[in-house]
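Asker:
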Amino acid sequence: MRQAGRYLPEYRKLRSGVSFLEMCRDVERAVAATLQPIDLLGVEAAILFSDIFVPVTGMGVELDFRPGPVVAHPVRSLDAIRALRVPDPVESVPYVFEILRRLREELASREIPLLGFAGAPFTLAAYLVEGSGSKSFSVMKRMLYSEPRLLSELLELLTEMTVGYLRAQVDAGAEAVQLFDTWAGLLDREAYRRFVLPTHESIAKRLDRPEAPLVLYVNDGAHVLDLMVESGADMLSIDWRCEMGEAARLAGRRASLQGNLDPCALAAPPDEIERRVRAIAAAARPARGHVLNLGHGCLPDTPVEGVRAFVAAAKRLGEPS
Ligand code: CP3
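Numbers given in the working numbering equal positions in the sequence shown, counted from 1, plus 465.
#1: Select from Met608, Leu572, Pro765 the residue whose C-alpha is nearest the C-alpha of Leu593.
#2: Consult DSSP for Tyr682 and reduce its assignment to one of helix, strand or coil.
#3: Under 8 Å, do Gly771 and Asp704 count as touching if we go by C-beta distance?
#4: Restricting to Cα atoms, I'd like to know which of Leu681, Val742, Ala748 is closest to Arg714.
#5: Exposed or buried, which one is Gly523 when buried takes at least 16 other CB atoms within 10 Å?
#6: Taking all protein chains shown into account, do 16 or more other C-beta atoms lie within 10 angstroms of the C-beta of Ser481, making it buried, or fewer, making it exposed?
#7: Have a look at Lys600 and Glu784 and give me their C-alpha separation to the nearest angstrom.
#8: Distance, Cα to Cα, Arg471 vs Arg494?
#9: Tell me which residue opens and which closes the alpha helix (DSSP H) that His665 is part of.
#10: Taking the alpha-carbon positions, what's the Ala454 to Val555 distance?
#11: Considering Cα atoms alone, identify which of Pro734, Pro735, Leu701, Arg741 is closest to Leu722.
#12: State the Cα-Cα distance for the pair Cys763 and Ile503, rounded to the nearest angstrom.
#13: Return helix, strand or coil for Ser617, following the three-state DSSP convention.
And the structure:
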């Protein structure tokens, strides 16, 4: 989940004077932003500071952040899709791998694991077709129903790009990689089975890096939890709306779980945060494994004190309440 960001005054200071994409390309600043939540909040894993759109800049797409991603020329035709390149990631976005190598050096002595990540093909396609974020992504959904082959072609291209990008991250030192499908939950089960599941299956199969587990997050995906299990991902990151106990039952021995406190619950008093953390951990007990996390990323108005209370409650989990 997004752990760095605008809710941290130290992040805003580091980010001042540069654009978000410049910050993603600046190795020193990106390393510093990755380490901030470790040093300031005490979280027990580091996630690469970057964005799901960074590798897309290497495909020949012009985009900017205002503050979310905005695509200069939305991709809505066969010609536009065929104009996209699947570049060698190490050549097109070399700084991502430089940042990962530097982070592994920094983190080795602290025994903190390093996570890489990518946007899932469907979520990337949603922004590319729509042109920006949207409540219903109706332009993308119109393509899905009226020109399904066009969307499938775009998804295949993005799947190809994502496999190469995640492999290169593992080769540069990522010890696990997380795939973020923020918008796949907009689909019903039939459309999810046709357009989303094959992309996850293909990435899980072709990543072929047994030393680095694949974590799959689907936002608003309570209705597709069983299909997330089908993907072959090693761990499922559960959205805050899902019931952890139900996820544990569906995943069985096939996948471990991660999650899933509502990020807005970080506004609650510390004892209420602790109560919720304990309830999540208890519900996850039957799971093959569980990593305590939020059920979506920190929002810009997240109180830092709430994040601290969450980390403290997590670290007390082994103790009696
Ligand atoms: O903790 C981290 O820093 C991890 C790196 C990370 C970022 N984005 C940095 C970021 C990760 C893992 C992401 C994932 C991401 N980005 C997703 C998938 C997960 C999710 O949140 O559902 C999506 C959909 C995006 C696209 C995106 N990037 C949006 C919609 C926004 C604007 C909204 C916002 O909260 O600011 C961004 C910008 C962004 N990505 C910021 C950060 C730290 C804020 C940038 C800034 O203005 O400084």
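Backbone N, C-alpha and C define an ideal beta-carbon position, used for all residues, glycine too.
Answerer: Result, derived from the coordinates:
#1: Met608
#2: strand
#3: no
#4: Ala748
#5: buried
#6: exposed
#7: 42 Å
#8: 15 Å
#9: 662-672
#10: In this structure the chain extends from 466 to 786, so residue 454 is not present and cannot be described.
#11: Of the residues Pro734, Pro735, Leu701, Arg741, the one whose Cα lies closest to the Cα of Leu722 is Leu701.
#12: Looking at the two C-alpha atoms, the distance is approximately 15 Å.
#13: helix
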